[in-house]
Structure formats: structure tokens, C-alpha cells
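Let me begin by presenting the structure, written as C-alpha cells, before commenting on it.
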Amino acid sequence: MITHGRSLAQHRATVTPFLAEFRFETLTQYVRKWARFITPRVLGVDDFALYGDTYGTILVDATTRLPLTLWEGREAERLGRWLRQHPGVEVACRDGSLAYRQGITAGAPDAVQVSDRFHLWQGLSRRVQDIASAHRGCLPAALPPMSETDPAPVEEPVENTAADTRAGRHARRLFEAVQVLTRSGRSHSSVARELGLDRRTVGKYARAHTWQEVMRRPPRKPSSLDPYFDYLQQRWDEGQHSAKILHEELQTKGFLGHYQRVKMVVAPLRRGLPLDEPRERPPSPRETARWITTHPHRRNLHINDRLPRLLDHCPELRQTHDLVRQFAAMLDNHDATALLGWLDGLADSGLAPLVGLARSLREDQHAVAHGITTPYNSGVNEGHITDVKSQKRLMAGRAGVPLLRHRVVLIAHRRRRYAD
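Throughout the sequence shown, residue numbering follows the working numbering, covering 591 to 1010 in sequence.
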């Protein structure tokens, strides 16, 4: 019953803050009571982005897969204090953070520290990308040979002239590969995994009758620079290689386009290609790192065609590739016997990113060895970090860390309760 002429909305506005405060206090008491008596045998420690440049720390029971708590910051002192308040942790799985290493050593000196496999591989991949960036000049060597090495073209009808382009040759090779595999009775998903293609792309190639039907890139469209190609080629042969000067000269001949257009058109000349030859971009350092870190059995035809050519051209990338594969073998076999020799190989490589990685891993050698040989990892941590991000979005960034902690912990417990 509504009295004194107050509306229902006014009553709700009065009662809601009291209910919210009651719920918050109840949740707080529950979380504190539960966390006080639970000490995990295997603890997962990881950081997450809280907001801006501020990070937080989350602790997870790796055995029950339930989050324990989280807080703002990633200081060694606070982690050590929590571990002293909750004695009994036997294994602590973490990333390569020095702060977490020191905090675990101070709070649980008898615990076995495990450096997470994912973070180890991620750190190595970043060093590979740094090396590829330092040898960016070698990356064009991954591209197929210039068209001069290809067989002389024969006379073809006008509609088949696209076969002489790189895009045409690529479409024809994929079409032939897909047709051969699908005719042998293979499923589209199996063919897609082998060739590194999307299943829908495989279906498109399988349904086509000719490779021209699925050609991804049509022949080059007419350009406003077409009338000036002969002049550009002539000036290039005479020694004028400045795109800015060439643009100024073309303006006097009536060209109205932008300087960037001239710069893009003469780019093939710097690689020794004709002006009208469709060109393929060399791999980026990030793409090169992905090629090197991908398992050989999972590389598609594109990588298998270009990576050997790149490694033959660049000894530094070849050396990096060999070291990456050695570490991958240790992870696959869960065998750290060769770890010391591998670290020596990093230190003797002469490549600054790998030398720095060897130095940091050697300081954390025992945890790295445990990360290779033991089954413990931070996978469960990453799952709960996803929950943290989800709760942050639901609260639109308006709630503080205490409420975020309660929501993450209680939602995880409620899920487990209903699952059981």
C-alpha cells in the first residue's frame, strides 16, 4: 500500500539503496569467510588489465578451477602477504614476472614455482618478431622468383590473359589442389585443414569448373597513369629514381594525380619488376614470426612455398627457426634435458633479442624446467580473466575492485554449484 501520496517509483528510489547495501555486505561476508578457510594446493597467479595502464592480480585454485580473490596492482609484497596468511600452497603457476617470482619466494618459499608454457612460448614469439623486424630487408626474399624466370607465355585468347598474372597462377594452383583432394573423397573440412584455407573457400573451389571462376583478384584495372608508363620507364632507366621529381615532371605533362599515386606505381621498379606486373607484398615481421613458430605439420602451402626461400636467404632467421623448433620439441615431449644446451644456443646466437631472453630464462631456470615437464599451466587463469573482463563490461566501468572481486568469485561458485 502506498501512503502519503508517494508514488511507487519514489518508494523504489528509497528502498533500493538499502537493499543494495544489504546484498553487498552479505556477499562481502560470504567471500571473506570462504577465502579464510580455503588454501589451494596448486595456485595460479596471473595479471590482467584493470583500466588504462593499471593492472590487477587474480589468484585461482588450479585444482578446483575456482577463483580465490583479485586485487589492484601486481606487487610482490601483497602476494607474499596473502601466501603467508594462507599457508599450504605446494605449487604456484605463474608467468615470467619478477614481482610474482619474488612474492611467491617470500610468502611460500617451499612451493614449487612453475613458469607457464603459454607465456614461455609467447615470450619467444615476441623475440622472433623482433629479429624479423631487425632483418626486414631480407623479407622480400620470401616472394616467388621474378616473372623473367617463368616459361615464355604462349599465345592465348584475350579472356585467358589473366593466367599470366601472379593472381591467376595462385588461383590455378589452389584450384588444382582442391580438385585433386576433393575428387579422392576427402571432406571439405579435411581439405581446408591440409591447405590452410577456410572451409567455405574450399567449397567454392570444389564447385567451380575452371580456375577463372574463383580468381580472387581480377586483372589490373586501367589507371590514370597508364598513358605515362613509357615515360616513367624511360626516366627510371635514365637514372631518375625519385618519385617526387617524377611526379613534378608528370604534372608538367598534364597528370593531375597525387604524389602518392606515382610513388605506389614506381614501387615495382625498385624490385626489378615491370610497372604493370601485379605484385605481392613481402611478409611483415609479425607474419614471418608466425610462419617460424607454426608447427611444420600445420603450415599451409603458402608458408611451405615461401618460408624455405626466406630461410635460405637469411642465416639469422634460419638460426632463429632452428632454435624455435628445438624449444618446441622440448614442450611437445615434456623433456627439459636439453634446456641448458638450448639456453647456451640462445646466448651464443649473437642475436640481441635471443641473448636477452637467455639471460632472463637462466635466472628463472628451475621454474622454466617445471613449466616444460609438469602438467601445470595458467589456462584456468586465462579463463577467469575473461570473466573479469566480462564483468567489467557489464558494470560499464562504474564499480570498484571490491565489487568486481565479489562478482567474479561468487558467479564462479554459483556455476560450480549448478554444475554439480
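Each residue gets a CB set at the ideal place from its N, CA and C atoms; glycine is no exception.
- Under the three-pair Cβ rule at 8 Å, the stretch 909–921 does not count as touching the stretch 676–695.
- Residue state for residue 757 is assigned as helix, using DSSP reduced to three classes.
- Taking all protein chains in view, the Cβ of residue 938 is surrounded by fewer than 16 other Cβ atoms within 10 Å, so the residue is classified as exposed.
- Taking a cut-off of 8 Å for Cβ pairs, the stretch 950–958 and the stretch 899–915 do not touch, as fewer than three such pairs fall below it.
- Non-local C-beta neighbours of residue 793 in its own chain, meaning closer than 6 Å and more than five positions away in sequence, comprise 778, ordered along the chain.
- Between the C-alpha atoms of residue 1005 and residue 708 there is a straight-line separation of about 26 Å.
- With respect to the C-alpha of residue 639, the residue from 632, 647 and 633 having the closest C-alpha is 647.
- If you look at residue 889, you'll find it isn't in any beta strand (DSSP E); DSSP assigns it neither H nor E.
- Of 948, 941 and 943, the smallest CA-CA separation from residue 931 is found for 948.
- Looking from the CA of residue 996, the closest CA among 685, 660 and 630 belongs to 660.
- Excluding residues up to 5 positions away in sequence, 640, 644, 646 and 991 lie with their Cβ nearer than 7 Å to the Cβ of residue 662 in the same chain.
- Around the beta carbon of residue 664, 16 or more other beta carbons lie within 10 angstroms, which makes this residue buried.
- By the C-beta density criterion, residue 984 is exposed, having fewer than 16 other C-beta atoms within 10 angstroms.
- For residue 651, the enclosing beta strand (DSSP E) stretches over residues 644–651.
- Annotated three-state conformation of residue 659 is strand, per DSSP.
- The shortest CA-to-CA distance from residue 758 to any of 897, 801, 781 and 711 is the one to 801.
- Per DSSP, reduced to three states, the secondary structure at residue 879 is helical.
- Taking the C-beta atoms as reference points, residue 650 is found no nearer than 8 Å to residue 1003.
- Boundaries of the beta strand (DSSP E) around residue 682: 681–684.
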